[in-house]
Amino acid sequence: MSVRVGKIMRNEDVHGVSGTGDHLADVFEASDGTSIVRWLGANGSTNVYAGIKNVENIHGHGGKTKIDWIWTQEPDADPMDAVFERKIIEAGGSTASTGPVGPTAVKEEAEKEAEAEEIAEALVEEAAETVDRVAEKLAKKLLEKTAEKSADKVAESAKVANGTTEK
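In the numbering used here, the protein residues as written are 793 to 959.
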């Protein structure tokens, strides 16, 4: 598992609404690359991103925002490697850890490697399709939530304009 913990720092707020300081948010990067930002302060919030590059692109202010990595854990092996290896072995193939054995192993190994490559490609395709489905659902939910919040703000503004808000 590879995990990093850091903090967001910004000396210049190019938009005038994001704030400056040497510790605006805590940043956690999980072993799968998922990044979590916990914004500090009176109106703190938590955001989850697909990767640290997304955090930098969205909150970077043209390079004015920096992430100071306070703690880093060295990465373990990719957990998906074990999944791929198991599937390849189940299909009769061998991997670097199992290796070929016996006098006809070289020919058999070549055949199994070709088969393993096909299996790996199928797994990658399936994973890509899953990611696409999740991304579509996420985008739809984000759009719905944004529309809902916008409608709430419009209704609130209308109440203020009509003088119907409670004090």
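C-beta atoms are modelled at their ideal positions from N, C-alpha and C, and glycine is treated no differently.
Note that the coordinates shown come from a computational prediction; the quantities given were computed from them, not determined experimentally.
Quick one: give me the first and last residue of the alpha helix (DSSP H) that Val875 is part of. Residue numbering aside, residue 875 sits at position 83 when the sequence shown is read from its first letter. Its alpha helix (DSSP H) spans residues 871–882.
So the candidates are Glu928, Ala931, Asn803, Asp824; which of them puts its Cα closest to the Cα of Pro871? Working through the sequence shown from its first residue, we reach residue 871 at position 79. When each option's Cα is compared against that of Pro871, the closest is Asp824.
Should Ile862 go down as buried or exposed, given a rule of 16 or more other Cβ atoms within 10 Å for buried? For this step, residue 862 is matched to residue 70 along the sequence shown. It counts as exposed.
For the stretch 848–863 and the stretch 899–919, state whether three or more C-beta atom pairs, one from each stretch, are separated by less than 8 Å. no
Going by Cα to Cα distance, which pick from Val952, Lys845, Arg802 is closest to His853? Looking up residue 853 in the sequence shown gives position 61. The shortest C-alpha separation from His853 is found at Arg802.
Since Leu915 and Lys879 are thought to touch, with beta carbons under 8 Å apart, how far apart are those beta carbons, to the nearest angstrom? As a position in the sequence shown, residue 915 is number 123, starting the count at 1. As a position in the sequence shown, residue 879 is number 87, starting the count at 1. So it is a contact: roughly 6 Å between Cβ atoms.
Three-state secondary structure (DSSP) of Asp824: For the purposes of this step, residue 824 is taken as the residue at position 32 of the sequence shown. Coil.
Under 8 Å between the Cβ atoms of Ala842 and Thr864? Here residue 842 corresponds to residue number 50 of the sequence shown, with the count starting at 1. Here residue 864 corresponds to residue number 72 of the sequence shown, with the count starting at 1. Taking 8 Å as the Cβ cut-off, Ala842 and Thr864 do not qualify as a contacting pair.
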